[in-house]
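So the sequences go chain by chain: A and B. Residues 174 to 295 (the working numbering) are what the first sequence spells out, left to right. Residues 6 to 326 (the working numbering) are what the second sequence spells out, left to right. In this text, a Cβ means the ideal position worked out from N, Cα and C, and glycines have one as well. Written below as structure tokens is the structure these notes are about.
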Amino acid sequence: MTDSLFNRLGGQEAVDAAVDIFYRKVLADDRVNYFFEGVDMDKQIVKQKGFLTMVFGGPNNYTGKDMREGHKHLIEKGLNDSHVDAIIELLGSTLTELGVADADIQEVASIANSVRDDVLDR
Amino acid sequence: MTNITFDEKPFAIEDGESVVECLERNNIQFPSSCKSGACQSCLAQLTSGDMHQDWQRGLKDTYKAQNYFLPCIAKPQHNISLQLPNTSNTASCAIIQELFNLSYNVIAIRLKVENLNAWTPGQYLNLINHDDLIRSYSIANLPSVDGYIELHIKLSPKGLMSTWLKTHAKVGTKLLIRGPAGDCFYNNPHKEHFNMLLAATGTGLAPLIAIIREALSQHHQGRITLLHGGCKEADLYDQAYLANLATHNKNFFYHCCVLSSDGNVVEAAIDKELKTLISEPQNTKAYICGPEETAKQLKKVAFLAGIASKNIFSDLFIQTK
């Protein structure tokens with residue numbers, strides 16, 4: 174039996190370990206951090222955990238509709254492909270920092286890419 | 006048969022079913038989204054029955070200590086009861102036993118209540134007057150030690166409760182209180198050694214004083230550093246008390262700063278000043294209170310300086326519109 178991506182990455186514990194590193198990178202990155210101005214960190218950390226669980230291939234029930242609804246207000250602020258690219262890049266560097274294998278990082282990036290059109294509402 | 010009780014009604018839960026699934030099958034409206042324990046939309050409080058640690062996955066320690074859990078991943082084998090956060094209906098009587106000024110725009114009230122142990126220092130409660138006006142205030146002292154609950158109330162010209170307190174309340178006035186709730190309190194059951202960094206502006210100081218006193222009373226090991234900020238020097242209060250507390254406790258350090266100083270206090274923006282006080286972020290818990298925008302900014306500063314998100318505890322004071 175081949176182990177799932179989520180288990181290979183380390184499951185829920187990996188999400189917990191990654192979330193702070195990832196969100197610090199996001200807040201420090203001028204390409205994307207203005208989308209997070211004035212948001213409450215606690216609520217955002219919970220959302221980021223949900224996002225990481227999904228892109229790590231973990232149990233989730235997110236639908237395309239959730240992704241569209243959740244990002245509509247950001248599209249009005251100019252959210253586009255370049256920002257999705259930046260987030261996927263930061264996700265990759267987070268996982269590199271945690272010692273995740275390149276092949277697994279690619280798999281995470283492709284899951285993240287699969288919701289691009291929903292996030293950008295197209 | 007295993008029952009879950011919600012809103013005083015029992016529901017039989019089927020084998021392998023989560024609490025959320027059971028309630029939805031019975032057409033009960035219950036908040037939920039991810040159904041996998043990630044989004045915390047369904048956060049609820051266990052009011053009776055045994056907790057299973059898996060149901061509290063990813064919650065902060067302060068939430069765990071209050072029996073919060075995630076009903077979407079909870080599959081109970083024994084009867085339980087649950088309620089949504091802050092929906093407890095029981096209010097207690099409180100009588101004002103003292104009222105005094107702390108500064109030009111802050112008053113303290115001391116309330117006599119039954120059951121002093123129920124009021125956790127630093128958490129907030131709802132104060133209800135006889136016109137059914139409700140506002141939240143943080144517990145500023147150790148009720149079970151002092152024999153009363155102390156609240157710090159900022160007087161604002163348009164504030165209905167603070168105006169009412171200023172003009173109508175006096176010693177002997179009866180009020181109702183409900184609660185307590187909130188994430189910001191001292192929780193160290195295993196006597197761990199960590200540094201505490203507490204920051205607030207205005208009456209955000211109130212819960213922090215309670216947390217500091219609680220930590221000191223439990224002989225907290227590790228540094229306790231308080232930063233209180235304001236626009237001008239007159240916005241600071243309890244300075245003599247805090248300076249004295251620092252003199253008598255060698256692990257407690259008191260700092261303050263204001264945007265516009267008369268020369269007696271450091272002139273600095275509180276977020277800049279906070280940054281200079283963070284030394285061992287991996288071993289630090291931060292407690293942040295005050296008006297919403299400032300508190301959000303301070304949390305971000307603490308997080309970016311390396312303090313783990315699970316170690317940042319806060320109450321945002323949201324102004325009633």
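Query, Result
"Taking 7 angstroms as the threshold (beta carbon to beta carbon), is asparagine 314 (chain B) in contact with chain A?", "According to the sequence shown, residue 314 (chain B) is serine rather than asparagine. It does; some Cβ of chain A falls within 7 angstroms."
"Quick check on DSSP: helix, strand or coil for proline 36 (chain B)?", "coil"
"Any beta-carbon of chain B closer than 7 angstroms to the one on aspartate 114 (chain A)?", "Because chain A spans 174 through 295 in this model, residue 114 (chain A) falls outside it and cannot be assessed."
"Less than 7 angstroms between the C-beta atoms of isoleucine 229 (chain B) and isoleucine 214 (chain B), yes or no?", "no"
"Between threonine 299 (chain B) and threonine 208 (chain B), how many whole angstroms is the CB-CB distance? I'm expecting something under 8 angstroms.", "The Cβ separation is near 12 angstroms, so there is no contact."
"At a CB-CB cut-off below 7 angstroms, which residues of chain A make contact with lysine 80 (chain B)?", "The contacting residues do not exist; lysine 80 (chain B) stays about 14 angstroms from chain A at best."
"From alanine 17 (chain B) to glycine 164 (chain B), what does the alpha carbon distance come to, in whole angstroms?", "47 angstroms"
"Kindly indicate which three-state DSSP category isoleucine 214 (chain B) falls into: helix, strand or coil?", "helix"
"CA-CA distance, tryptophan 60 (chain B) and alanine 49 (chain B)?", "11 angstroms"
"List in chain order: all unbroken beta strand (DSSP E) runs of 3+ residues lying wholly within the region 115 to 148 of chain B.", "129 to 133, 139 to 143"
"How far does the beta strand (DSSP E) with histidine 253 (chain B) in it extend, from its first residue to its last?", "Taken as a continuous stretch (DSSP letters only), histidine 253 (chain B) belongs to no beta strand (DSSP E), being part of the alpha helix (DSSP H) at 244 to 253."
"Rounded to the nearest angstrom, how far is the Cβ of valine 199 (chain A) from that of cysteine 44 (chain B), given a contact under 8 angstroms?", "Not confirmed; about 18 angstroms, so no contact."
"For isoleucine 53 (chain B) and arginine 30 (chain B), what's the separation of their Cα atoms in angstroms?", "In the sequence as displayed, the identity of residue 53 (chain B) is serine instead of isoleucine. Cα-Cα distance, rounded: 22 angstroms."
"Per DSSP, lysine 237 (chain B) is paired with what?", "B:Ser265"
"Using 7 angstroms as the limit for Cβ to Cβ distance, is cysteine 47 (chain B) near chain A?", "no"
"What are the residues in the region 226 to 243 of chain A lying within 7 angstroms of chain B by C-beta distance?", "Thr226, Pro232, Asn233, Asn234, Tyr235"
"Can you tell me which of the three DSSP states isoleucine 18 (chain B) falls into?", "strand"
"For methionine 6 (chain B), which three-state DSSP category applies?", "coil"
"How is alanine 186 (chain B) classed by DSSP in three states: helix, strand or coil?", "strand"
"Quick check on the DSSP output: the alpha helix (DSSP H) that includes threonine 67 (chain B) runs from which residue to which?", "66 to 70"
"How long is the line joining the alpha carbons of threonine 289 (chain B) and asparagine 200 (chain B), rounded to whole angstroms?", "5 angstroms"
"What's the call for cysteine 98 (chain B), buried or exposed, on a 16-neighbour Cβ count within 10 Å?", "exposed"
"Which first and last residues belong to the beta strand (DSSP E) in which aspartate 320 (chain B) is found?", "317 to 322"
"Contact defined as beta carbons within less than 8 angstroms: I believe isoleucine 144 (chain B) pairs with proline 212 (chain B). What is the distance between those atoms, to the nearest angstrom?", "7 angstroms"
"In this structure, how does DSSP classify alanine 79 (chain B) when only helix, strand and coil are distinguished?", "coil"
"Serine 319 (chain B) and aspartate 188 (chain B) look like a contact to me (Cβ under 8 angstroms); what is the Cβ gap, rounded to whole Å?", "7 angstroms"
"For threonine 236 (chain A), which of helix, strand or coil comes out of DSSP?", "coil"
"Taking the alpha helix (DSSP H) that phenylalanine 179 (chain A) belongs to, which residues open and close that run?", "178 to 182"
"Which same chain residues end up closer than 6 angstroms to leucine 104 (chain B) when comparing Cβ atoms and leaving out the 5 residues on each side of it in sequence?", "Ile114"
"Give a yes or no on whether the minimum CB-CB distance between alanine 291 (chain B) and chain A is below 7 angstroms.", "no"
"Is the beta carbon of leucine 130 (chain B) less than 7 angstroms from the beta carbon of glycine 184 (chain B)?", "yes"
"Grab the span of the alpha helix (DSSP H) containing histidine 157 (chain B) for me, first residue to last.", "Here histidine 157 (chain B) belongs to no alpha helix (DSSP H); instead the beta strand (DSSP E) covers 154 to 159."
"Can you name the start and end residues of the beta strand (DSSP E) that glutamine 58 (chain B) belongs to?", "Segment: none, glutamine 58 (chain B) is in no beta strand (DSSP E) and carries neither H nor E."
"Identify the continuous beta strand (DSSP E) that holds glutamine 88 (chain B) and give its terminal residues.", "85 to 88"
"Verify whether the separation of the beta carbon atoms of glutamine 226 (chain B) and tyrosine 153 (chain B) is less than 7 angstroms.", "no"
"Under DSSP, the alpha helix (DSSP H) around isoleucine 278 (chain A) begins and ends at which residues?", "275 to 287"
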